[in-house]
Each structure stands twice: as structure tokens, then as C-alpha cells.
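Visitor:
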Amino acid sequence: MDHLPSHTTRELQFVHGTAIGMSSKWIKGQYCSILTAAGIVGCGIYDMQTPAEFDQAIAIARGTPAHPLVEPEDLLDAKIVDCTPKAKQYGISIGMSGREAVELMLRVKPPEANE
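Residue numbering for the sequence shown follows the working numbering, beginning at 83 and increasing consecutively.
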């Protein structure tokens, strides 16, 4: 059994770049996410209202009690069930895979330093 609480991060390689995978665990709970420069692909623990208000790109997938999303790699084949308007601007849509959503976020060009 894992020592709780626990938190891990690691680099994940994709076609369009590198992202940071994260996993946190505690008694009776966990969450995972994949962080890109443009936004986050995460599990269902993420609220959509607050990031939408701040014009952030968040896309979420949901596990089940029988098949929870625990590690960031679990998000890759999971289906996106919700996303913020900013994520939709990047081409992310409900029903696509987490991997597809990450790849779209990795294609977003960062704003110029002078903007």
C-alpha cells in the first residue's frame, strides 16, 4: 500500500511536446492530471465554473468507483466529458480521448513575451 498522502510528478512525451503528469492520493481519494503550458487535462475532481471564469483551458474525464482515474496515464484513453470554453477554442470536444486533448493543448502557441 502507498504511504499516504502521496504526490508524484513526471514528464510525459507526446507528438507535439512534453507535459507534466501528476497524481495525488489520500485516504479514500485521489486525482490525476496532465499539465501543459495552455491548460490541464484532468480527472473529474476539477470544477469547471472557476476556470471558465478565469478563461482557463481545462478538460476533464471521469472514472468510476470500479475504474478510478489514478495515474496521469489513465487519462490518455479516457473520454473527455466536459471542458471550459477556452478548451473548446483550442479544438477540444466532449467524447475525444484525453490524449487528443493533451495534443491539442500542446499545439497552442504561447503569447509573445511583450503582450
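The C-beta atom is built at its ideal place from N, Cα and C for all residues, glycine as well.
Here the structure is a predicted model, which means the values were calculated and not measured.
1. Between which residues of its own chain and Ile109 is the CB-CB distance below 7 Å, once the five residues before and five after are set aside?
2. Contact check, Ser115 vs Met104 under 8 Å by CB: the rounded distance?
3. For Gly180, which residues in the same chain have their Cβ closer than 6 Å to its Cβ, ignoring the five residues on either side in sequence?
4. In terms of residues, what are the limits of the beta strand (DSSP E) holding Pro95?
5. Can you give me the C-alpha to C-alpha distance between Glu197 and Lys191, rounded to a whole angstrom?
6. Whole angstroms is fine: what's the gap from Ala169's alpha carbon to Leu117's?
7. Would Leu188 and Phe96 be called neighbours here (beta carbons separated by less than 7 Å)?
8. Measuring straight from C-alpha to C-alpha, what distance separates Arg92 and Thr132?
9. Less than 7 Å separating the beta-carbons of Gly126 and Ala139?
10. So what does Gly124 bridge to, in DSSP terms?
Guide: From the atom records:
1. Here residue 109 corresponds to residue number 27 of the sequence shown, with the count starting at 1. Here the set comprises Leu86.
2. As a position in the sequence shown, residue 115 is number 33, starting the count at 1. As a position in the sequence shown, residue 104 is number 22, starting the count at 1. Cβ atoms of Ser115 and Met104 come within 8 Å of each other, at about 5 Å.
3. Translated into positions along the sequence shown, residue 180 becomes position 98. Val123, Ala143, Leu157, Leu158 and Ala160, listed in sequence order.
4. For the purposes of this step, residue 95 is taken as the residue at position 13 of the sequence shown. Note that residue 95 corresponds to Gln in the displayed sequence, not to Pro. Residues Ser88 to Phe96.
5. If you number the sequence shown from 1, residue 197 lands on position 115. If you number the sequence shown from 1, residue 191 lands on position 109. Caution is warranted here: a pLDDT of 49 is assigned to Glu197, below 50, making its placement in the model unreliable, and the coordinate value is therefore given only provisionally. Distance between the alpha carbons of Glu197 and Lys191 is about 13 Å.
6. Taking the first residue of the sequence shown as position 1, residue 169 is located at position 87. Taking the first residue of the sequence shown as position 1, residue 117 is located at position 35. Each residue's CA atom was taken as its position, placing Ala169 and Leu117 some 13 Å apart.
7. As a working note, residue 188 is residue 106 in the sequence shown. As a working note, residue 96 is residue 14 in the sequence shown. Note that the C-beta distance between Leu188 and Phe96 is below 7 Å.
8. Taking the first residue of the sequence shown as 1, we reach residue 92 at position 10. Taking the first residue of the sequence shown as 1, we reach residue 132 at position 50. The alpha-carbon separation between Arg92 and Thr132 amounts to approximately 26 Å.
9. In the sequence shown, the residue the question calls residue 126 occupies position 44. In the sequence shown, the residue the question calls residue 139 occupies position 57. Here Gly126 is not near Ala139, since their CB atoms are 7 Å or more apart.
10. What you label residue 124 is simply residue 42 of the sequence shown in a count that begins at 1. Checking the DSSP bridge columns, you'll see Gly124 partnered with Ser115 and Ile142.
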